[in-house]
Amino acid sequence: MSKLAVNLSMIFTEVPLIERFALAHQHGFKHVEIQFPYELSIQDIQTQLEHHQLTLCLINVPAGDLMQGGNGLAGIPGKELEFHHALLKAIEYATSLQVSSINILAGKQPLDADLLPCLNTLSSNLKLACHLCTEHNIQPVFEMINGTDMPRFLVQNIAQAQEMLEAVQHPALKMQYDCYHMAMMGENILAALQENLEWIGHIQFADCPGRHEPDTAQINYAEIFQWLAQSPYTGYIAAEYKPQVDSNQSFAWKNKYFTDHSQI
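So the sequence shown is numbered by the working numbering: it starts at -1 and just counts up by one.
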């Protein structure tokens, strides 16, 4: 049985991050994820999690300048030491807060760099992540991001992710499967989930186009959620969308598709 989570970096943004834990609890969530939690101290996050009876299930490794339009860290030749330090910071947060997974963002191919050295750098850094994460019983995952929203991203589709898994050759490494990004890449979401489930360690969802809550665009989440509920997948499925309305008014999908409270 999968477990439902809410992303505190994209939802409840009407209030500061420190106040979003309470809102997640008020809406009945037991699990949360945060893209980059590092603006808050470990102790502040721990206090919020304990007070609101929440589990933090996923965080990202710091990604350098990626979210500000730069190339990032993990797949950038010459930034291996910076990535190592970022990885250690993520592991510090994850071990202290009992986070089960950390996500590694590959980064973008620099305009002045060849693709193969970037992929080799990414492979080496993912191997390092697997080694260090498994020492702490943390699941390492990496994400495919569509090339429209983030041009030159090094891993944009399932085929490229499969190639990277083959290059890394470590059983701990899994894909983070974001339904929105894969819909943007033209993937059949349900078929891709069915065909790749054994290599998927974490799932995120938003509708497409628009990246809003389910049932606002074209993805058939009724069949996706129904299949996941009956599948062998036992990981997290996380709402990671840009609310089309106020965050507090964006959860019609939750009442519609997640009436089984064992999943929440």
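Cβ atoms here follow ideal geometry from the backbone N, Cα and C, with glycine treated the same way.
Here the structure is a predicted model, which is why all the values come from computation and not from measurement.
Which residues does DSSP pair with residue i in a beta bridge?
i    : result
A236 : A3 and Q202
Q137 : S99
I40  : Answer is none; I40 lacks a bridge partner.
L54  : V30
F10  : According to DSSP, F10 bridges with nothing at all.
Under the rule that 16 or more other beta-carbon atoms within 10 Å means buried, what is residue i, buried or exposed?
i     : result
Q167  : exposed
K106  : buried
E238  : buried
Q202  : buried
S284  : No answer is possible for residue 284: it lies beyond the span of the chain, which begins at -1 and ends at 262.
M142  : buried
E221  : exposed
A157  : exposed
N155  : buried
A104  : buried
S99   : buried
L171  : buried
H29   : buried
M(-1) : exposed
S260  : In this predicted model, S260 has a pLDDT of only 49, less than 50, meaning its place in the structure is not dependable enough to derive any value.
E133  : exposed
E37   : exposed
I43   : buried
Taking the continuous beta strand (DSSP E) assigned at residue i, which residues delimit it?
i    : result
Q160 : Careful: Q160 lies outside any beta strand (DSSP E), inside the alpha helix (DSSP H) at I156 to V166.
Quick one: give me the first and last residue of the alpha helix (DSSP H) that residue i is part of.
i    : result
K252 : A250 to Y255
M173 : Note, M173: premise wrong, no alpha helix (DSSP H); beta strand (DSSP E) at K172 to D176.
E193 : I187 to N194
L15  : L15 to Q24
L226 : Y219 to Q228
My guess is that residue i and residue j are in contact by the Cβ rule of under 8 Å, so how many angstroms apart are they, rounded?
i   : j    : result
G73 : L188 : About 29 Å; that fails the 8 Å criterion.
G67 : Q137 : That belief does not hold up - the Cβ atoms of G67 and Q137 are roughly 29 Å apart, past 8 Å.
L85 : A127 : 6 Å
F27 : V4   : 5 Å
Segments of 4+ residues assigned as alpha helix (DSSP H) that fall wholly inside the region 72 to 136
78 to 95 and 113 to 133
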